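Residue numbers (this note's numbering): 33 to 256.
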């Protein structure tokens with residue numbers, strides 16, 4: 033009688049799936065060159081599953097971002113609290129290199145979709161119909177960063193005259209590169225800080241696939 037009861041208990045455990053493993057969650061870190069499609073193919077899942085498991089709305093992922101995926105049968109429901117990239121608030125206390133601590137909160141704007149590019153023509157004129165940014169659009173984007181540039185000025189720093197900064201603005205509306213076009217002799221640390229601040233400026237998207245190069249004057253109204 034006792035043996036029969038023990039056998040019934042063992043069979044019940046087998047029938048209920050005791051000890052069976054569900055899908056195992058694992059975390060991967062995005063590296064340069066990764067896309068959702070590439071990661072989905074590598075790990076044998078779908079792009080839609082990667083979006084659902086990580087609460088993604090589109091296809092944009094960033095280097096260093098952590099993504100959750102499941103090995104084995106996919107879960108029937110999306111996890112209620114998908115693992116997302118850690119919030120950047122803890123990093124706010126550490127400013128980007130070349131910036132004072134008061135500018136620690138600056139961050140790159142989101143990239144926009146580039147506008148439809150120019151069309152190629154058959155004559156020697158090359159590309160036709162290309163459109164970049166309007167001067168007013170460039171000035172507006174730079175002017176928004178002027179209050180932040182004021183924090184670059186340190187006691188005794190030379191900021192007399194006008195500093196001319198060259199910007200390469202990508203078709204996605206973000207600054208891809210900065211350089212000094214004309215330096216009136218500003219303190220090097222201030223010049224480097226101003227360039228860094230301008231790298232966070234935001235502009236409208238445009239149609240030039242290689243970006244648009246503009247030169248903008250920066251002045252704090254201090255006599256040389």
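Think of the CB as a built atom: it goes at the ideal place given N, C-alpha and C, for glycine as much as any other residue. As the structure is a computational prediction, the values presented were derived from the model and not from experiment.
So, using beta-carbon positions, are residue i and residue j closer together than 8 Å?
i: residue 165; j: residue 197; result: no
i: residue 138; j: residue 147; result: no
i: residue 212; j: residue 223; result: yes
i: residue 195; j: residue 230; result: no
i: residue 170; j: residue 89; result: no
i: residue 59; j: residue 98; result: yes
Roughly how many angstroms separate the alpha carbons of residue i and residue j, rounded to a whole number?
i: residue 245; j: residue 192; result: 25 Å
i: residue 71; j: residue 100; result: 11 Å
i: residue 65; j: residue 225; result: 30 Å
i: residue 242; j: residue 168; result: 21 Å
i: residue 210; j: residue 203; result: 15 Å
i: residue 239; j: residue 144; result: 12 Å
i: residue 227; j: residue 178; result: 11 Å
i: residue 102; j: residue 180; result: 44 Å
i: residue 236; j: residue 217; result: 32 Å
i: residue 250; j: residue 182; result: 11 Å
i: residue 86; j: residue 135; result: 30 Å
Note down, in chain order, each residue of its chain lying with its Cβ closer than 7 Å to the Cβ of residue i, except the 5 sequence neighbours on either side.
i: residue 112; result: Reliability fails at residue 112, whose pLDDT of 47 lies under 50, so the model's placement of it is uncertain and the value that follows must be treated cautiously. Counting only Cβ-Cβ distances below 7 Å, and skipping sequence neighbours, we find nothing.
i: residue 215; result: 195, 223
i: residue 57; result: 100, 102
i: residue 163; result: 238, 239
Cutting at 6 Å between CB atoms, please list the residues of its own chain near residue i, excluding the five before and the five after it.
i: residue 219; result: 189, 190
i: residue 62; result: 93, 95, 97
i: residue 91; result: 68
i: residue 78; result: 72
i: residue 75; result: 101
Near residue i, what residues of its chain come up, given a Cβ to Cβ distance below 8 Å and the 5 sequence neighbours on each side ignored?
i: residue 234; result: 141, 173, 176, 205, 206
i: residue 187; result: none
i: residue 185; result: 191, 222, 252
Terminal residues of the continuous alpha helix (DSSP H) containing residue i?
i: residue 71; result: 68 to 75
i: residue 82; result: 79 to 86
Ends of the beta strand (DSSP E) at residue i?
i: residue 246; result: 244 to 250
i: residue 142; result: Premise fails: residue 142 is in no beta strand (DSSP E) and is neither H nor E.
i: residue 60; result: 56 to 61
i: residue 234; result: Neither: residue 234 is in no beta strand (DSSP E) and is coded neither H nor E.
i: residue 14; result: Missing from the structure shown is residue 14; the chain here goes from 33 to 256 and no further.
For this session: Starting from the N-terminal side, write out each stretch of the alpha helix (DSSP H) that is 4 residues or longer and does not extend beyond the stretch 146 to 220.
Result: 167 to 175, 178 to 181
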